[in-house]
Every structure is written in C-alpha cells, then in structure tokens.
Amino acid sequence: MFEKDPTTRLWAVSSVAAFLLAALSYFFLFGQRSKKKYKYPLPPRSGYGFLETFQHFNSTKLHEWTLEVARTRGRIVEMNLWPLLPRDTLYAVTDPVVARKILENPRSLKPRELYEFFDRMMGGVCFISEEGERYKHPRKSTLMGISHANMDDMLANIHAVMDKWIQDNLGSEEGDVACVDIGFEMQKATIHSIGLIAFGYDFSTAEQEFTSNALAKITYEFGIASEKNPLRKHPIIGLLWADKREAIRCVEDVRCLVRKVLQAHRNKSFEEQKKVVTLNSLDAPGKYDEIGGEESLLSDMILLYAAGFDTTGYTISYALVELCKNKDIQTQLRKELLDATQDPKDKKLIGSPLLKRVVKETLRLWPVAAGGGIRRVPDKMIVTSDDGKGGKRLMTLPKGSWAHVAPYPLLRDDEVFDRPDEWLPSRWENATDDMKTAFMPFMVGRRSCPGQLLAITESEVFLARLVRDYEWTLIEESIPEWSVTLKIKGTILQATKIG
Ligand code: HEM
C-alpha cells in the first residue's frame, strides 16, 4: 500500500517518528533523575519501581507500607511514580522536624490534582481540594462552629448522643451484657453528633446506617479502586463496573440526604438557625455566589459530614480495643473517672489526666487519617535525613516538589518514640520535645484539621461515659484497613454493666 501511495507512506513514517521522538523526549526530560546541580544531593530513592509504588499507594495496606519505607529506606525518600509523574516530584517526608516546617509554611499549597478524588466522593468540588477564596469561607464557618466559644453546645449535643446510643445498645441493669460491632456503632453515634453540631439536624438511626454503609462504598471506590484502575474513572467506561455504578448511586443518595438537611435548616426560624453556627455561617446570603453556588455548598456539607464521623468513630473504637487488651489501664481509668465526679455529665469527667493520655496515645498509634496529606514545597530546603545506608547526610528538597506527609510512620518513628508499636499512654506523662514535635495526627499549619477540637472532645466524652459504667472485653478483632481512613469494621466488643 505504501509503495502505491508515497504521500501516505510519508505520513505514516513521520507519525511514527514523531511519536518515538515525543516518547524519548518525555523519558529524557522527566524519566530520569534531575540533572540539576545541587550543593547537597537529592534525597535517596525509595528503591521501589513504578508498579510497586503505584500498587502500594492504592492498597488497603498503604499505612504499613509507608512505615516500612520510612524504617528501611529513610525518613525522606523519592517515590517513583514515573511515567505518571516526572522523577524527583514526589517525596515521602516522615522526618517530624522537616514535615512540620513544610506544613507550617503558609505558602505550602495542596497540589489540586492529588486531592481531586475527594470531589468525586462528594459529587462536586469541595473545599478540601481547593486553595484561595474557594476554601476560606467554608473553613472559617467550620472553625466558628467547632470552637471553644461553642463548647457548651458541643458538650450538650455529645451527651445527648451518648444517652441515646447507650439506651439503644447497652444494658442498664448491673451485670447486663451486650455485644457490639464497635467500629460500625461508633460511626453511627458520631454521624449523629456531627449532624447535631454542624447542621442542627437529628439523623435517624436509619439515616446513620445508610450514611455509614454508603460512605464505605464511596471511599473504597473513589479512594482505592478507581485510583488503582484509571479506566474506572472514565464517565462511560467506568460504568462497566457494578461497584462503580453502586458508588455513584450512593453519592447521589448522600447528596439528596444533605439537600434535605439544608432544607430543614432553611425552614427554621431565624433565631433557631442562628444556634447552628456552622451551617448558618456556611449558608449566609451570597457567600457561594462566586464559588459555585448551592451545589458547592452541598459538597462542602458532605465533606464536613464525611470527615467528621468516620475519623472520630474509629479513634474511639481503637481506644476501646486497646483498653480491652490492657485491662489494668481500663480499671485504673474507671477508678479515676469515678473519683473525679459522680455526675456523668460533669465537665470534671473529661479532666481526667489518664483519659487525656489514652486519647493522645490512641491518636498516635492509630492515626485514622493515616494517609495524611501532600504539600508543594514552596522554597528549596536543605535538610538532614537518612542517607539510605544507615547514616545521615545533608540533602536538598527542591522547590515545587511534592511532600507526602503520612502520620502513621511519623507517629511510629523509632528515633522519637520508645517501643513505637506499643500502646503506652504513660509515655505522655513526661513527653520529650521530640515527641511533642512529632505529634501531629491532625497535621499542623493552615490546612490542618479544623475538626480537631470536636474530635478530641467527642473521643473524651464517649470514652469517659462508656468506660465509667461498663466493663469492656474483646470478643473478635478485625485487621485495620486503609481506604481514605484507617478502618476497623467487624471488631466485636462485649460491654458488661457495672453497678
Ligand atoms: C480523630 C479524628 C480526626 C482526625 C485524625 C483528622 C485528621 C485530619 C487530617 C490529618 C487532615 C489534613 C489532611 C490534609 O492535610 O490533607 C484533616 C483535614 C480535615 N478534617 Fe479532620 N480529622 C479528624 C476529625 C475531623 C472532624 C470531627 C471533622 C469535622 C468537621 C473534620 C474535618 C476535616 C476537614 C473539613 C478537613 C479539610 C481541611 C482543609 O482542607 O482545610 N475532621 N483531618
């Protein structure tokens, strides 16, 4: 055919040559380590190739792998995701001092492309993936509602949730025994409280169960399955997968539910609306006009709703599991709580020093946001870290590269924490400066978690009430799995009412 038509032959040959040239240029430009000369060399490579790195990043064992990388390859290493990303773009940073420096720099921005999966989960653009004006208003509204100024309201709502949950799930007479799937149940209870606190909405038990199940499907599909197989992200080809179709249905149903929550708020009197600080501020007239209108408001509400339950629900669950495994600490905590006050709703109850150490140590050993976050390094940094050969050396983190800060390896750093894989609340009695620097389960800086005051208060109140009046025993333990958060569904605990 080519011989008959020289023009076609010329086109074919030049197209193949152009393709080869483009592929080679891409390889030479981005597929090799940077040739740029730095006084101090770049961080060492992780030693994992593209396929292994890609698979681990999109696996339910991501947390374990990040820990293995930090312990065996170094605290600052280059992650190879070429050809998806040029070389020397992504660095795992689990050195506490360097991670803190990057996070606390107000010019460290989030690379939008790495947060887009959140938008797919919410069914629209939400503020976690955004910078600039798009994130300022919703973040400010969240912080207004979840603040010390609003503490009495938060406490009243959290106690109301606990009253109902205990009444529905646990015995009330001395010696009564009940078994619960603790991860699932704590999710339901925390959905109830984020609904009351952020939206002034009383989610029914059916709505709590629906949310928990829907979010599990959504996070798995958009946080793991679609990331592992990019074909699933395609709007038409992706529909070939039944789980993807199901996840899309779940997103639509969650949006419908949140629309109902917003409508319920708007139907309230002006005085009633004012009491719901976060939603009232979010929904203030004109605030979303320039940033996507009501659809963006709904996406932000779903973000608050989703970020606000699963994380805290699992933190409380991990703490209870550890208390079952450490009965002496459970007994000591109960005694401290009972000595503090006889009134289960007295603020003194959450002043117990051991309770605070239990929550802190649980956040350290089981940081539910184990995957952490990513920031663009705003300026070239010269840092000291592991050289990959058992020593330390100075190295350069290039300006514009991406730093992946994962709390799981950071909070189990064996240079900072003695016996890092053990749950030891007593370690916080005399915390060293290094421990304080490394402790960032909510990250730090401008984009750290705006819900941390609620997360800590809720964990303390739930645990105080559950441990004071019930003896907890581990019946069946499941293995934690990561998909956006570190989940432990299927762990069964037994609660026996104490007289
Ligand atoms: C133990 C419980 C919690 C943990 C460990 C946790 C952890 C985190 C972490 C590490 C981040 C930063 C992610 C990044 O930098 O990319 C984050 C962000 C966020 N968290 Fe939490 N969180 C918890 C509870 C909550 C609660 C109760 C809320 C309720 C409102 C919440 C809402 C958010 C939001 C909206 C963001 C995004 C903030 C932004 O992009 O500016 N979180 N959380």
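First residue of the sequence shown? That's 449 in my numbering, and the numbers climb one at a time after it.
We treat Cβ as the ideally placed atom computed from N, Cα and C, and that holds for glycine.
Contact check, residue i vs residue j, beta carbons under 8 Å
i	j	result
Thr659	Ile639	yes
Arg875	Asp869	no
Val709	Phe647	yes
Thr944	Val625	yes
Gly851	Tyr539	It is worth fixing the name first, because residue 851 is Ala in this sequence and not Gly. Yes; because the gap between Cβ atoms is below 8 Å, this pair is in contact.
Leu730	Leu745	yes
Leu941	Ile927	no
Leu551	Val892	yes
Thr514	Ala854	yes
Leu786	Tyr488	no
Lys847	Lys828	yes
Glu622	Gly947	yes
Leu858	Met888	yes
Tyr856	His511	yes
Asp835	Pro586	no
Met602	Gly761	no
Glu657	Leu705	no
Nearest candidate by alpha-carbon position, reference residue i, set the options
i	options	result
Lys600	Trp871, Leu901 and Gly938	This sequence places Asp at residue 600; Lys is not what is there. Among Trp871, Leu901 and Gly938, the Cα nearest to that of Asp600 is on Leu901.
Asn605	Asp834, Cys897 and Lys793	Lys793
Tyr753	Arg548, Ile576 and Arg841	Ile576
Arg521	Leu532, Thr542 and Leu529	Thr542
Ile798	Leu914, Thr759 and Ile666	Leu914
Arg823	Arg782, Ser717, Ser896 and Asp866	Ser896
Asp567	Gly838, Glu743 and Leu941	Glu743
Ser652	Val609, Thr844 and Ile684	Val609
Phe910	Gln656, Tyr766 and Thr514	Tyr766
Trp530	Glu512, Glu863, Tyr488 and Glu500	Glu500
Thr590	Gly899, Glu925 and Thr760	Gly899
Glu863	Lys558, His585, Asn661 and Pro544	Pro544
Lys558	Glu579, Val546 and Cys574	Glu579
Arg805	Ala788, Asp835, Ala879 and Gly819	Ala879
Ile666	Ile830, Ala755 and Phe865	Ala755
Leu533	Ile830, Phe498 and Tyr563	Phe498
Lys484	Thr844, Arg714, Trp871 and Phe865	Thr844
Leu771	Ala912, Pro678 and Ile750	Ala912
Other residues of its chain near residue i: CB distance less than 8 Å, five sequence neighbours each side excluded
i	result
Gly671	Phe565, Met569, Ser931 and Val932
Phe450	The predicted position of Phe450 is uncertain, since its pLDDT is 48 and thus under 50; no value can be drawn from it.
Lys692	Glu669, Ala673, Ser674, Arg680 and Gly686
Thr763	Val807, Thr810, Leu811, Trp814, Val816, Ala903 and Ser907
Ser849	Asp536, Thr537, Leu538, Tyr539, Arg824 and Val825
Cut-off 7 Å between Cβ atoms - residues of its own chain near residue i, not counting five sequence neighbours on either side
i	result
Val725	Met592, Gly593 and Asn598
Ala712	Tyr649
Trp689	Arg680
Asp701	Ala662
Heavy atom of the ligand HEM within 7 Å of residue i beta-carbon
i	result
Asp570	The sequence shown places Met at residue 570, not Asp. Flag unset: Cβ of Met570 not near the ligand HEM.
Tyr539	no
Gln900	yes
Met891	yes
Phe887	no
Tyr766	no
Arg824	no
Leu941	no
Arg895	yes
Close Cβ partners of residue i (< 6 Å) along its chain, the five nearest in sequence each way excluded
i	result
Asn506	Ile672, Glu675 and Lys676
Gly571	Val699 and Arg703
Ser556	Ile550, Arg823 and Pro826
Val546	Val831
Residue i beta carbon near the ligand MG (any heavy atom closer than 7 Å)
i	result
Ser747	By its list of ligands, the structure shown excludes the ligand MG, since it contains just the ligand HEM.
Segment contact, 8 Å Cβ cut-off, at least three pairs: the stretch 902–920 with the stretch 765–779:
They touch, by the three-pair rule.
Would you call the stretch 805–817 and the stretch 932–941 touching, i.e. three or more CB-CB distances under 8 Å?
yes
Tell me whether the stretch 524–532 and the stretch 488–501 touch, counting them as touching only if at least three CB pairs, one residue from each stretch, are closer than 8 Å.
yes
Three CB pairs or more closer than 8 Å across the stretch 626–635 and the stretch 734–745
no
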